[in-house]
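Accompanying notes for the structure given below.
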């Protein structure tokens, strides 16, 4: 059972990482992280922990205000667009770096970036690790 607990803790840490500004205020976000974790569908069981505990789905505040789901659109990047790149350096670090400018767009969903000083990123990055930057 320890493996399952460690996996759950890893998921909670990922949620908290995205919510905190400083590593010192993680405990303030813990109730929100637990709510997010408990109301997310687990693909292994096809249900949420909340629904298994209480026998019904939780009514999320966003569902009360917005009746439809957000539609995701494929990002179309062009040379000269401003973007941020995903930062995977570790716990409690900013999730995004940048801004960068798209220097070149390659086939196969890759882009070459350069920073504001004109220095190129060491290698091309897949567009799934890039998001638009709006100043």
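Numbering (the numbering used here), first residue to last: 436 to 570.
All residues carry an ideal CB built from backbone N, CA and C; glycine is no exception.
No experiment lies behind these values; they were computed from the predicted model shown.
Per DSSP, what kind of secondary structure is residue 558 in: helix, strand or coil?
coil
Out of curiosity, what's the CA-to-CA distance linking residue 558 and residue 490?
50 Å
Between the C-alpha atoms of residue 554 and residue 534, what's the straight-line distance to the nearest angstrom?
12 Å
At which residues does the alpha helix (DSSP H) containing residue 567 begin and terminate?
Here residue 567 belongs to no alpha helix (DSSP H); instead the beta strand (DSSP E) covers 565–567.
Is the beta carbon of residue 521 sitting closer than 8 Å to the one on residue 568?
no
Give the DSSP-derived three-state secondary structure of residue 438 in the structure shown.
helix
For residue 548, is the classification buried or exposed, using 16 other Cβ atoms within 10 angstroms of its Cβ as the cut-off for buried?
buried
Can you find at least 3 beta carbon pairs, one from the segment 534–545 and one from the segment 476–491, that sit closer than 8 Å?
no
What are the partner residues of residue 487, as DSSP defines its beta bridges?
Paired residue(s): none; residue 487 is not in a bridge.
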